[in-house]
Amino acid sequence: MNGERGANKEALFVSGHRACHGCGLALAVRHILKATGPDVIVVTPTGCLETFSSPYGYSPWRVPWIHHLFENAPAVASGIAAALSAQKRNNVRVVVIGGDGSTFDIGFGALSGMLERGDDVLYICTDNGAYMNTGGQRSGATPTYSSTTTHPVGRKSMGKPQLKKDLPAIVADHGTPYVATASVAYLKDLRKKVEKAMTYHGPRYIQIDTPCPSGWGFSSELALEIGRLGVNCGLVPLFEMENGSLTRVRKIRKKLQVTEYLKAQSRFKHLLQEDGSEYLKELQEIADQNIAKYALITSS
Amino acid sequence: MQEPKSASKLEYVRGGAIHACATSTLMKTGAWRVFKPVVEAEKCKQCKLCYWYCPDFCIQMTEEAIKIDYDYCKGCGICAAECPTHAIVMEREED
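Sequence lines, in order, name chains A and B. Take 2 as the starting number for the first sequence in my numbering and just add one per residue. Take 3 as the starting number for the second sequence in my numbering and just add one per residue.
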């Protein structure tokens, strides 16, 4: 193709997409498609990915791709999987790549239905912790005490007071054969998990932590560093669950305090001021609970 | 699928369907750039980390060193920040 060379020649998701500088999501999509191979149909609910990959006439996709509404992407994916099954085209698989808004909040009912029916769909949630393409409103995935445009920090508010929804556990409780969490900061781990998920049949769920420079408030070159800090402080546990039981976790080699992760982002900057210390303690407790729950540190 | 040759030849089809694949390469996002990554070839160890980490997929591997595709590079600086041998430096674009 004219004007296309090097890294774009073989890729299934190419340059020229309109994601922000340093977008973790664009990077994740490229590696997801490298792991799945070309024989997939991608379904994308409304969200950042849909917005930056579909200005009219300029598509970065080289696999069949369909955009659907916030609330029904899993249902659309189920329909495509059923059609492929009726045609006996078992070599083509269906992948949903949706944001946290559609997965945790708006499309949750359809997701739950898809999991309960046991449709052969790989659901990937790229979690950037808010509705970023509309300006950063809170979602069910927004971490506790993060400042968002609908939970702004002020005299009587320290950001979102609720806990982040534990969606991997909810999905695993549906009897889903494969549930995993990953981070773009650990790309080999991410690719291995997607490859592993492709070997299963039935519903599968992977949640990927994708740092968002404009929404989280950090300089674009730090995107992967922030991802690593999140994993190593315990706020973003990376694990795999097969048939409802925890089978593998990514251990933390050197544990960091949550302040290391929080101070790099402007959405948490209010916690580092004088009156934020008790809220900081609560976040440290959440991280410590994660570490204990998933045994993220090898006891020696 | 037909493959478009230039932006002026993009055909808009009935129903707004996407008429070809990988057409976004016609959109040169390099115009967004403020800081430009420059490779110092003698420091490059060809570890491919920048190739893995570039969110705009601009890094090409050649025999001697890596090459950056400035047509699409938005200048996010991830390659320079992640390079273990500091072989990539960010320089401000000239106007």
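Beta carbons: idealized from backbone N, C-alpha and C, even for Gly.
For the candidate residues the options, whose alpha-carbon lies nearest to that of residue i?
| i | options | result |
| --- | --- | --- |
| Leu-236(A) | Trp-217(A), Leu-225(A), Ile-292(A) | Ile-292(A) |
| Thr-177(A) | Gly-160(A), Asp-210(A), Ile-33(A), Asn-244(A) | Asn-244(A) |
| Pro-35(A) | Asn-9(A), Thr-52(A), Pro-56(A), Gly-17(A) | Correcting the residue identity first, residue 35(A) is Lys in this sequence and not Pro. Selected option, being the one with the closest Cα: Asn-9(A). |
| Ala-67(B) | Asp-58(B), Ser-26(B), Cys-56(B), Glu-42(B) | Glu-42(B) |
| Trp-34(B) | Arg-19(A), Arg-31(A), Val-43(A), Ile-42(A) | Arg-19(A) |
| Glu-286(A) | Gln-258(A), Arg-268(A), Ile-33(A) | Gln-258(A) |
| Gly-58(A) | Thr-25(B), Lys-76(B), Thr-31(B) | Thr-25(B) |
| Trp-94(A) | Thr-104(A), Gln-274(A), Cys-213(A), Val-64(A) | Note that residue 94(A) is Arg in the sequence shown, not Trp. The shortest C-alpha separation from Arg-94(A) is found at Val-64(A). |
| Phe-59(B) | Lys-294(A), Val-15(A), Lys-282(A), Asn-91(A) | Val-15(A) |
| Asp-71(B) | Cys-56(B), Ala-83(B), Glu-65(B) | Cys-56(B) |
| Thr-27(B) | Gly-17(A), Ala-29(A), Trp-62(A), Ala-170(A) | Gly-17(A) |
| Lys-255(A) | Glu-241(A), Ile-298(A), Arg-268(A) | Ile-298(A) |
Given a cut-off of 8 angstroms, decide if residue j and residue i are closer than it, judged by their beta-carbon atoms.
| i | j | result |
| --- | --- | --- |
| Gly-99(A) | Glu-72(A) | no |
| Ala-78(A) | Val-97(A) | yes |
| Asp-121(A) | His-202(A) | yes |
| Ala-265(A) | Leu-223(A) | yes |
| Ala-198(A) | Arg-192(A) | no |
| Arg-250(A) | Leu-239(A) | The question names Arg, but residue 250(A) in the sequence shown is Val. Result yes, Cβ atoms of Val-250(A) and Leu-239(A) sit closer than 8 angstroms. |
| Tyr-146(A) | Lys-161(A) | yes |
| Ser-140(A) | His-271(A) | no |
| Lys-194(A) | Ala-173(A) | no |
| Cys-52(B) | Cys-85(B) | yes |
| Ala-76(A) | Ser-103(A) | no |
| Thr-211(A) | Asp-276(A) | no |
| Val-36(B) | Gly-77(B) | yes |
| Asp-106(A) | Cys-126(A) | no |
For the stretch 64-95 of chain B, which residues have a CB atom closer than 7 angstroms to at least one CB atom of chain A, in sequence order? Those would be Asp-71, Tyr-74, Lys-76, Gly-77, Cys-78, Gly-79, Ile-80, Ala-82, Ala-83, Glu-84, in chain order.
4-residue-minimum alpha helix (DSSP H) runs that sit fully inside the stretch 40-88 of chain B, ordered along the chain: 51-55, 80-84
Scan the stretch 2-79 of chain A and note each continuous alpha helix (DSSP H) run of 4 residues or more that stays entirely inside, going in chain order. 25-37, 49-54
Please determine if the stretch 186-205 of chain A and the stretch 151-166 of chain A are in contact, where contact requires at least 3 C-beta pairs separated by less than 8 angstroms. no
Which runs of the beta strand (DSSP E), 3 residues or longer, sit entirely within the stretch 85-115 of chain A? Qualifying beta strand (DSSP E) stretches, in chain order: 94-100.
The stretch 29-44 of chain B: positions lying closer than 8 angstroms to chain A by Cβ: Met-29, Lys-30, Thr-31, Trp-34
In chain order, which beta strand (DSSP E) runs of at least 3 residues are fully inside the stretch 156-205 of chain A? Runs of the beta strand (DSSP E) spanning 3 or more residues and lying entirely within the stretch 156-205 of chain A occur at 179-184, in chain order.
Report the residue ranges of all beta strand (DSSP E) runs contained in full by the stretch 229-282 of chain A; include only those spanning at least 3 residues, in chain order. Fully enclosed beta strand (DSSP E) runs of 3 or longer: 240-243, 246-250.
Using 8 angstroms as the Cβ pair cut-off and three pairs as the minimum, do the stretch 220-234 of chain A and the stretch 36-55 of chain A touch? no
Quick check: the stretch 84-91 of chain A against the stretch 53-62 of chain A, are at least 3 beta-carbon pairs closer than 8 angstroms? Touching, no.
Can you list, in chain order, the residues of the stretch 251-273 of chain A whose Cβ is nearer than 8 angstroms to any Cβ on chain B? For the stretch 251-273 of chain A, no residue has a beta-carbon sitting nearer than 8 angstroms to a beta-carbon of chain B.
Taking beta-carbon pairs under 8 angstroms, can you tell me which members of the stretch 175-191 of chain A lie near chain B? Leu-188
Which residues, in chain order, does the stretch 51-63 of chain B contribute to contact with chain A at a C-beta distance below 9 angstroms? Here the close residues are Tyr-53, Trp-54, Tyr-55, Cys-56, Pro-57, Asp-58, Phe-59, Cys-60, Ile-61, Gln-62, Met-63.
The stretch 212-232 of chain A: which residues have C-beta closer than 9 angstroms to a C-beta of chain B, in chain order? Pro-214, Ser-220, Ser-221, Glu-222, Leu-223, Ala-224, Leu-225, Glu-226
Got a sec: which bits of the stretch 15-28 of chain A sit with their beta carbon under 9 angstroms from any beta carbon on chain B, in order along the chain? Val-15, Ser-16, Gly-17, His-18, Arg-19, Ala-20, Cys-21, His-22, Gly-23, Cys-24, Gly-25, Leu-26, Ala-27, Leu-28
Going along the stretch 272-286 of chain A in order, which residues come within less than 8 angstroms of chain B, judged by CB to CB distance? none
Contacting positions in the stretch 34-52 of chain A - beta carbon closer than 7 angstroms to chain B: none
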